[in-house]
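Student: Just dropping this structure here.
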Ligand code: GLU
């Protein structure tokens, strides 16, 4: 029998707050309950937002609330080759096409509907590019990202995400490809994450199907709300773990507030 494997996978774009602590404690306690493993993964593929000081802070803050995780920690920015291999496979089966559109062109030619990230659905300009033309542009060094060819894939995620961008022009990969690749490489059996990411799950399941990867069990937990009833954000300092620590709160109090022993 294989043991269940849980993970907490923050993006180091800010300091962790009570919502992150809840998610991390939940995964860790489920791992303990089912005699499984608990991994921590740093999701820093977006170099324009990720900062190393936040990575250091993640380790400090999680250790402070009493969590333990396996080492070494997988740091996504050290594994772009793995995400490129997934993209190569998607290219090989014709599931994605290159997109050369500028941001402005995408906005001007978008469909009326918006995706769960609030971006308008892509109008499809580059889907219509003949393949030799696209290949010539790539060979000529034209900057491009990669989009899922939803029309040919016939998947439920199409209506919600349209031709989702899965490799950005600037980054070369995306959160979606990296998360799916790593969950499989690390043998994650249970993905327990916030309801804010739930809309991305059908997209992740589609990528798993296309890449021939196992689909973990998904569970989406409620979000911890601020005093104003709104979702906590990383830019809000008030519930940041280090802020609470500097105000003298003890780790045991944090755990108690969040409902953990
Ligand atoms: N890195 C994502 C975030 O911090 C979470 C990804 C996931 O749990 O699948 O929002």
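Numbering (the working numbering), first residue to last: 63 to 323.
All C-beta atoms, glycine included, are put in the ideal place defined by N, C-alpha and C.
Among the residues of its own chain, which have a CB less than 7 Å from the CB of residue 249, if the five just before and after it don't count?
Tutor: Excluding positions up to five away in sequence, the list reads 67.
Student: So, using beta-carbon positions, are residue 163 and residue 208 closer together than 8 Å?
Tutor: Cβ atoms of residue 163 and residue 208: not closer than 8 Å.
Student: Alpha carbon to alpha carbon, how far is residue 307 from residue 224? Give it in angstroms, no decimals.
Tutor: Computed Cα separation, rounded: 43 Å.
Student: In terms of residues, what are the limits of the beta strand (DSSP E) holding residue 100?
Tutor: 99-104 is the extent of the beta strand (DSSP E) around residue 100.
Student: DSSP three-state call for residue 248: helix, strand or coil?
Tutor: It is coil, neither helix nor strand.
Student: Give a yes or no on contact between the stretch 189-205 and the stretch 98-116, applying the rule of three or more CB pairs nearer than 8 Å.
Tutor: As far as the Cβ criterion goes, the stretch 189-205 does not touch the stretch 98-116, which means the pair count is below three.
Student: Quick one: measure Cβ to Cβ for residue 138 and residue 106, integer angstroms, because I've assumed they're closer than 8 Å.
Tutor: Residue 138 to residue 106, Cβ: 6 Å. Contact.
Student: One question on the structure: do residue 72 and residue 78 come within less than 8 Å of each other, judged by their Cβ atoms?
Tutor: Yes.
Student: Please classify residue 271: does DSSP put it in a helix, a strand, or coil?
Tutor: Residue 271 falls in the helix class under three-state DSSP.
Student: Give me whichever residues DSSP pairs with residue 67 in a beta bridge.
Tutor: In the DSSP output, where bridge partners are listed per residue, residue 67 has 99.
Student: Tell me the rounded alpha-carbon separation between residue 260 and residue 119.
Tutor: Spanning the two alpha carbons is a distance of roughly 26 Å.
Student: What do you reckon, are the CB atoms on residue 131 and residue 101 nearer than 8 Å?
Tutor: For residue 131 and residue 101, yes; Cβs fall inside 8 Å.
Student: What are the boundary residues of the beta strand (DSSP E) that includes residue 160?
Tutor: Here the beta strand (DSSP E) through residue 160 covers 158-161.
Student: On the three-pair Cβ rule with 8 Å, is the stretch 144-157 touching the stretch 268-282?
Tutor: Short answer: they touch.
Student: Strictly by DSSP, which residues pair up with residue 280?
Tutor: Residue 280 is bridged to 253.
Student: Going by C-alpha distance, which of 166, 284, 141 is nearest residue 258?
Tutor: Nearest of 166, 284, 141 to residue 258, Cα basis: 284.
Student: How big is the Cα-Cα spacing for residue 84 and residue 117?
Tutor: Near 18 Å, if we compare the C-alpha coordinates of residue 117 and residue 84.
Student: Comparing the CB of residue 241 with every heavy atom of the ligand ATP, is any distance shorter than 7 Å?
Tutor: With respect to small molecules bound, the structure shown includes the ligand GLU and not the ligand ATP.
Student: Thinking C-alpha only, which one of 269, 189, 214, 192 is nearest residue 228?
Tutor: Closest option to residue 228, Cα to Cα, is 269.
Student: Kindly list the residues whose CB is nearer than 7 Å to the CB of residue 265, restricted to its own chain and excluding five residues on each side of it in sequence; keep chain order.
Tutor: Within the same chain, residue 265 has close Cβ partners 219, 223, 226, 238.
Student: If you count every other CB in all the chains shown that lies within 10 Å of the CB of residue 168, and 16 or more means buried, which is it?
Tutor: It counts as buried.
Student: Rounded to the nearest angstrom, what separates residue 170 and residue 186 at their Cα positions?
Tutor: Those two C-alpha atoms are separated by around 12 Å.
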